[in-house]
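In our numbering, the protein residues as written are 10 to 271. Every residue, glycine too, gets a C-beta built ideally from N, C-alpha and C. Worksheet for the structure shown next.
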Amino acid sequence: MLSLPRNILWVGFFLVVLAAWAAMYSMAVEMDLNLIGQTGPRGDAMRMMDPGMNMRMPMAEYGPLFAMWAIMMAAMMLPSMVPALKTYEALMVGANASWGGWTGVLLGYGSMWVFFAAIAAAMQLALLHGGVVDMLGMLKSTTVSGMLLIAVGAFQFSRIKQICHGVCQAPMTYYLGAWKPGFSGGVGMGLGLGKYCVFCCWGIMALGFAGGVMNLLWMGLATVFMVLEKLPQIGSRVMRPAGTLLIIGGMAAIAIPLLNGG
């Protein structure tokens with residue numbers, strides 16, 4: 010009896026993920042073509058384009074930026090939610106869980122990341138008009154990029170990270186402590202789970218400003234890392250080593266230009 014809704018919901022879930030990645034790829038390619046057509050090679054475009062230029066630039070407007078971040082959240086964060094959804098599904102055997110509740114958890118979780126997308130888009134727009142990032146959302150200063158890497162690396166060792174990561178890594182414990190049945194109960198639990206996940210992963214998302222928020226390579230690596238970080242078997246083993254590497258990378262980003270006289 011459960012096989013049909015299960016198959017429909019899981020197939021729909023993965024289709025949304027694939028559609029989000031396809032949309033991000035399409036947007037990245039379109040942006041590259043637009044930049045090349047307007048100002049030459051991509052590197053020159055990033056240096057020359059300015060939000061005050063007399064042309065329509067979607068990445069200098071809140072609406073397109075919010076849509077980009079929302080789609081990016083779907084592409085990057087939904088895959089990392091698979092363990093939590095599988096855990097909820099396991100509760101259908103002996104608890105009063107349902108596919109309506111499963112859907113509610115997904116919607117609640119997604120809503121928190123849409124909220125994060127709204128904040129991130131506003132922040133990127135402010136940084137763009139403040140001359141801190143370029144049109145691709147990349148920090149213009151290597152020193153600032155290095156400071157961001159160090160800050161995110163240090164956060165990997167913080168108590169807040171440990172608490173939030175613990176919830177993301179062990180969703181069963183969270184469900185048992187916050188259990189509410191039905192669709193509305195699922196939405197409430199999804200919102201709570203999404204809150205912990207936002208606080209756990211915001212730093213990895215912020216690294217997009219160091220590598221360019223439309224950089225598909227960064228998106229892919231960050232997605233893989235966040236999925237690994239939530240796996241019970243290895244999640245705790247990758248969290249702090251990643252923090253150490255980020256701190257070292259940040260120090261190098263600051264030191265190399267100084268050593269080269271830049």
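Burial state of K239 is buried, judged by a 10 Å Cβ sphere holding 16 or more other Cβ atoms. Taking a C-beta distance under 7 Å as the contact criterion, A37 and M223 qualify as a contact pair.
Scanning its chain for C-beta atoms nearer than 6 Å, with the 5 sequence neighbours on each side dropped, one finds around V236 the residues P88, S89, in chain order. Taking C-beta atoms as the reference points, P14 and N105 fail to come closer than 7 Å. For V102, the secondary structure class from DSSP, reduced to helix, strand or coil, is coil. The C-beta distance from M147 to F218 rounds to 7 Å, short enough to meet the 8 Å contact threshold. In the three-state DSSP reduction, L240 falls in the coil class, being neither helix nor strand. A Cβ-Cβ contact shorter than 7 Å links G117 with L200.
The C-alpha of W78 lies about 7 Å from the C-alpha of A129. Of the other Cβ atoms in all chains shown, 16 or more fall within 10 Å of the Cβ of A231; this residue is therefore buried.
CA-CA distance, Q242 to L134, rounds to 39 Å.
Counting the other CB atoms within 10 Å of its CB gives G194 a total of 16 or more, which places it among the buried residues. Cβ contact annotation for L24 (same chain, cutoff 7 Å, sequence separation greater than five): none. In this structure, the alpha-carbon of I257 lies about 12 Å from that of R249. Here V141 carries a coil assignment [DSSP, helix/strand/coil]. M33 and L225 do touch by the CB rule: their CB atoms are close to 7 Å apart, below 8 Å.
Going by DSSP, S107 is part of no alpha helix (DSSP H) at all; its letter is neither H nor E. Per the coordinates, the alpha-carbon of A127 lies some 11 Å from the alpha-carbon of I80.
Checking the DSSP bridge columns, you'll see L200 has no partner listed. Straight through space, the alpha carbons of F192 and G109 are spaced by roughly 5 Å.
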